[in-house]
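Reading through the structure tokens given below for one structure.
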Amino acid sequence: MAEHRIPRSLRETIAAQEGVLTRQQLTHAGLPGDLVRSNVRAGRWQRVLPRVYATFTGPLTRSAQVWAALLYAGAGATVSHETAAELWGLVDQPGHGVHVTIGVDRRVRSLVGVQIHYSYRLDATRHPNRRPPVTNVEETVLDLVDQAERPQDAEMWVIRACQRRRTTPERLGIALDARKKIRWRSEVQRLLVDVSTGAESPLEITYAQRVERAHGLPPGRRQRHRRFGQQSRRSDVEYEDFRTVVELDGLTGHTEEGRFRDYQRDNDTSVRGRVTLRYGWTDTTTRSCHVAWQVAEVLKANGWQGRPRPCGPFCAVGELAA
1 MAEHRIPRSL
11 RETIAAQEGV
21 LTRQQLTHAG
31 LPGDLVRSNV
41 RAGRWQRVLP
51 RVYATFTGPL
61 TRSAQVWAAL
71 LYAGAGATVS
81 HETAAELWGL
91 VDQPGHGVHV
101 TIGVDRRVRS
111 LVGVQIHYSY
121 RLDATRHPNR
131 RPPVTNVEET
141 VLDLVDQAER
151 PQDAEMWVIR
161 ACQRRRTTPE
171 RLGIALDARK
181 KIRWRSEVQR
191 LLVDVSTGAE
201 SPLEITYAQR
211 VERAHGLPPG
221 RRQRHRRFGQ
231 QSRRSDVEYE
241 DFRTVVELDG
251 LTGHTEEGRF
261 RDYQRDNDTS
271 VRGRVTLRYG
281 WTDTTTRSCH
291 VAWQVAEVLK
301 ANGWQGRPRP
311 CGPFCAVGEL
321 AA
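For the sequence shown, the residue numbers in the working numbering are 1 to 322.
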């Protein structure tokens, strides 16, 4: 069927839906019921999902796949979970299939490539303006937290969303409070405290939790910026009152250029009369008790009046202190 026979309003709808439409939309536009069949037989259109058709041939774009899943799911359908994470830039590669949430008052069968979820609060969690309809950033993160199998996976979504400046710990906290039931609630609450103080990476979070908090060390200031002439440097953790800085190196280590910058930063810190301690991922995750003891010894040498506490019956802090 020639394009000029399709009403302009429907053509605009099709364009907004990345070239995808439903049989019902055709019917509402007053077009004959056999229009779909004739176009599919002629090879101009293709069936994508039950009652959903692409008005073009060839592979569907990712956007067309998302719209097809929404149209299949029907009224109120909203992109959610991993697919919403794509739209918000929380992941760098498209996932497999499309995740869609609908209200609990309807039932739609999941298909290969389309995962249907249900929500009592869908109207409150949908972003008011985005097209295609998508859960807002905070609800997307919490949906992914809720289905995470491990606390580390749940924490990763929170850290990534804040690190990429898609949301803030405060907004996530408000959304978390609004949920009556969610997996890993206590872990996320503790994590939001750490992120709100400036921790930006999983390693910084691990240091705050396993080294500082677990052993009763004073909280350091995260990502502290300082000027050195024309340059700006920042420290991962700084205990300003006790002239101590802790730098945390990530999983993969640094290139030679990165190491040179580390040396410069450590030297600048020393010029300011501060001690620099540097730890990697293995130190912080598998030797956190030993790290806590070392940090505590330096803090005490610089005026801290407290003392570290063992994190458990087999903690090395007590043994090393003795």
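Glycine is no exception: its CB is placed at the ideal position from the N, C-alpha and C atoms.
Here the structure is a predicted model, which is why all the values come from computation and not from measurement.
- Indicate whether T140 and L122 have their beta-carbon atoms separated by less than 8 Å. no
- Item | Local Cβ density within 10 Å of G354, reported as buried at 16 or more and exposed below that | Residue 354 lies beyond the range of the chain shown here (1 to 322); nothing can be said about it.
- Task: Decide if H96 is buried, meaning its Cβ has at least 16 other Cβ atoms within 10 Å, or exposed.
- Result: exposed
- Message: For A296 and H290, what's the separation of their Cα atoms in angstroms?
- Response: 10 Å
- Among T22, L299, W67, A29, the one whose alpha carbon lies nearest that of L10: A29
- Query: Between W88 and the rest of its own chain, which residues show a CB-CB distance below 7 Å, the 5 nearest in sequence each way excluded?
  - Reply: V137, T140, R166
- Item | As assigned by DSSP and simplified to three states, the class of L60 | coil
- May I ask you to verify whether the region 171–182 touches the region 207–221, counting CB pairs closer than 8 Å and requiring at least 3? no
- Message: Once DSSP output is grouped into helix, strand and coil, what is the label at T13?
- Response: helix
- Residue burial classification, D92 (beta-carbon count within 10 angstroms, cutoff 16): exposed
- Query: Measuring CA to CA, which of W45, V48, T286 is closest to L203?
  - Reply: T286
- Apply the 10 Å Cβ neighbour rule to D105 and answer buried if 16 or more other Cβ atoms are within range, or exposed otherwise. exposed
- Item | Endpoints, the beta strand (DSSP E) within which T286 is located | Where T286 is concerned, there is no enclosing beta strand (DSSP E), although the alpha helix (DSSP H) it sits in stretches over 281–286.
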